[in-house]
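Notes to accompany the following structure.
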Amino acid sequence: MRSKTLLIFLLLIATPLSLQGSLTYYDFSSSTERRTAEYSAQLVGQINQNLDRTLKEMQHLSIMPMYDPEVLAILRKYSSPTLADRRPSVEELEKMLLHIASGTYDRPEIRGIHIFAGNGFTFSNLDANTIQLFNDPSQQSWYERVHKADGAWTLIPTHQPSYYLERDPQDYFSVARLIREPNTNRTLGLIKIDLKLDVFRGILSNVKFEDKGSLVAVNSRTELFFLENGPGLPPDRYEELASAAALPNESTVRRMELGGKSFLTISDYSDYSDIKIVRFIPLESLLKETNALRTKTMLIGIVCLVLGGGLATYFSYRLNRPLAALKNKMKLVELGNFKQSVQVETGDEIGQLSHNFNRMVEEIDQLVEEVYVIGLREKEAELIALQRQINPHFIYNTLESIHMLAVQGQSERVSDMVTALGRMLRYTVGHECQLVQLREELETAEAYVSIQQLRYGDRLQILFDIEPELLPHEVPKLIIQPMIENAIYHGIGDYDGGKTIWVHAVRFEDCLLLTVRDDGRGMSEAELASLRQSLNRPVAVASTAEQRRDGHGVALRNISQRLALMYGHAYELHVDASLGAGTAFTITIPLPLKEVVQKGRH
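Numbering (full-length UniProt numbering), first residue to last: 1 to 602.
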């Protein structure tokens, strides 16, 4: 209750603070992200426009040779591959250099303009110490792209040309096209303009982004033209950046996960150059100010929660202290301790509840004492009644045996049986306690056996196998004799041959095992199942006719019922039998035995 009250107070404080902080953070971050996206989209679009302007100038330079008759004449002269290794004259070199140099004037972004003749000779604005004079463009990786363009200009992504004699090869991107005869459309050569990456750097130097991020320039094939790694991204992430830049060929703004971090991506696509400029802005740096605001809001919220939590703890303690005391007393009452009372400190609802609790516990304590005494008396009476049920049943069977001997004229044996019967009656009637020593129970069983041996003579052999240390232990009264009786009447009965009954008492772990076993006719599976089922049926359920037909079943049920009353689930009465192989009854009871209700000892 105290924790719930404290939780309610804290929720009342935390909920409005959380809502206010969340809404403020969301509005501010959304506004920042939207403003940055709009501004960055304009800048990225401007970058692409400036790049298109530069590429259009390069495209114009690439077409100029086809409008210069002298250039065409020289290329026409050296267009045949059969003229390999043939150098142009000095005059021809000067004319070509003059034409090429006019295109590179005041253009530091151009690394070189190269015109490849058909025989492999390369006319260039660079000298022989910088570039190879003879080259076969068809062996270059970029040639297939130029050839497929079929005379149109094409843009070659970043690469390292093999014709440069540089010790440290640099990356360039190029504008190239085939040079063809205007009239016959015959290919005379190829022009290639290599551009430095300073083209992009120069454009970017004129663009001022508000935030720090990365920029990638790729074409529709995701081929790289330029990469500027910003903070938040480690180097050598071209493949990941290029894959992330594979956005639709249109201007878009979206969020993206890259390298385990979130980025805002702004892209702009040029239909003219087929180049897509993508700006990657780390949300972490973009929302730096927003996160600072969030941190301040959280600190204020934590301070308010601490203050509110202290007040809530104090008031919840004052409110829940009497309830906690009442709850502890209730737990003790639940465990059966009814001698409890709660101190009433106030006159409010909690005080009234405590007063009513004290009165209720007092009344329950009185009722429990009354019910407990009544229950003990009822249990004692039930045990005595069950025990006494054995007496008339046993007397009936014994008198029947005496009657049979009297009819046969065996008066001495009748006298012995009557004497033994009297001794047994004194034991069964004179003892109203439920527990006796195992020694006493065995003496009574031996007296009963002597009666039966007078009747059956040598046909009946009974063997006792008892561990001596078990003799002082207490066992329920009259549990061995009924099992011996059952073994005699239903194991031997009118069978003419001799039979043996074994009585065993052993200790197994903390239990006492009493077994009565015979080698009589046994039982079929159906009879065994019926007997096992009947052991779970109360004795009172059986009718008088059933008891006459199944007297041994009544006795065994009587034993089972008495053991259940005395030991609950701690006992076991097991029957095992097979037809022609005898029957065994085993009782398992705990050691040391539990205290039970009894009327004294003799």
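Glycine included, every Cβ here is placed at the ideal spot set by N, Cα and C. Note that the structure is predicted; figures quoted are calculated from it, not measured.
What is the DSSP secondary structure of residue i, reduced to helix, strand or coil?
i      : result
PRO16  : helix
LEU591 : coil
CYS511 : strand
GLN200 : In the sequence as presented, Gln is not what sits at residue 200; that position holds Phe. Helix.
ASN185 : coil
LYS296 : helix
ARG86  : coil
ASN219 : strand
LYS56  : helix
ALA584 : strand
VAL303 : helix
GLU572 : strand
ARG107 : coil
SER214 : strand
LEU399 : helix
TYR567 : helix
ARG426 : helix
Work out the CA separation of residue j and residue i for me, nearest whole Å.
i      : j      : result
THR130 : PRO161 : 12 Å
HIS504 : ALA445 : 13 Å
ARG53  : PRO16  : 55 Å
LEU367 : MET360 : 11 Å
MET96  : PRO157 : 27 Å
TRP153 : THR290 : 48 Å
GLN46  : LYS261 : 27 Å
LEU190 : HIS147 : 9 Å
ASN229 : LEU197 : 14 Å
MET404 : ALA584 : 28 Å
LEU19  : SER174 : 56 Å
GLU412 : GLN437 : 32 Å
SER80  : ALA128 : 22 Å
PRO482 : GLY336 : 40 Å
LEU283 : LEU299 : 22 Å
GLN59  : LEU224 : 20 Å
ALA117 : MET64  : 16 Å
LYS192 : GLU38  : 37 Å
THR544 : ILE395 : Below a pLDDT of 50, predicted positions are generally treated as unreliable, and THR544, at 44, falls in that range; the measurement from the model is reported next regardless. Straight-line Cα distance between these residues: approximately 16 Å.
SER205 : ALA149 : 33 Å
GLN170 : ASP106 : 21 Å
LEU195 : SER273 : 14 Å
VAL207 : ARG186 : 44 Å
LEU286 : ARG145 : 40 Å
To which residues of the same chain is residue i closer than 7 Å at the C-beta, ignoring the five residues directly before and after it?
i      : result
THR104 : ILE110, ILE113 and ASN125
ALA570 : PRO590
ALA325 : VAL342
LEU470 : LEU438, ALA505, ARG507 and LEU512
SER578 : GLY522
ASP168 : none
ILE74  : PRO88, GLU92, LYS95 and MET96
Quick one: what's got a C-beta closer than 6 Å to residue i's C-beta in the same chain, skipping five residues either side?
i      : result
ILE501 : ILE462, ALA487 and ASP518
LEU514 : ALA505 and ILE587
ASN48  : ASP268, SER270 and ILE277
GLN132 : TYR163
ASP365 : PHE338
GLY351 : VAL344
ARG455 : SER401
LEU215 : GLU228 and ARG279
TYR427 : THR444
GLY308 : ILE13
Leaving out five residues on either side along the sequence, give the residues of the same chain with a beta carbon under 8 Å from the beta carbon of residue i.
i      : result
ILE479 : GLU441, LEU514, ILE559, ARG562, LEU563 and ILE587
GLY202 : GLU109
Considering just the uninterrupted stretch of the beta strand (DSSP E) at residue i, what are its terminal residues?
i      : result
ILE115 : 110-117
ILE156 : 154-159
ASP127 : That residue, ASP127, is in no beta strand (DSSP E); it is neither H nor E in DSSP.
VAL175 : 172-180
GLU228 : 224-228
At which residues does the alpha helix (DSSP H) containing residue i begin and terminate?
i      : result
LYS148 : 143-149
PRO69  : 69-77
SER534 : 525-534
LEU442 : 438-456
THR104 : 90-104
Does at least one heavy atom of the ligand GDP sit under 8 Å from the Cβ of residue i?
i      : result
ALA555 : Questions concerning the ligand GDP fall outside what the structure shown contains, since it holds no ligand whatsoever.
Subject >> Start-end ranges of the alpha helix (DSSP H) lying completely within the stretch 463-495, minimum 4 residues >> reply: 480-487
**OP:** Scan the stretch 250-294 and note each continuous alpha helix (DSSP H) run of 4 residues or more that stays entirely inside, going in chain order.
**Re:** 283-286
Subject >> Minimum length 4: unbroken alpha helix (DSSP H) runs contained in the UniProt domain "HAMP" (317-369) >> reply: none
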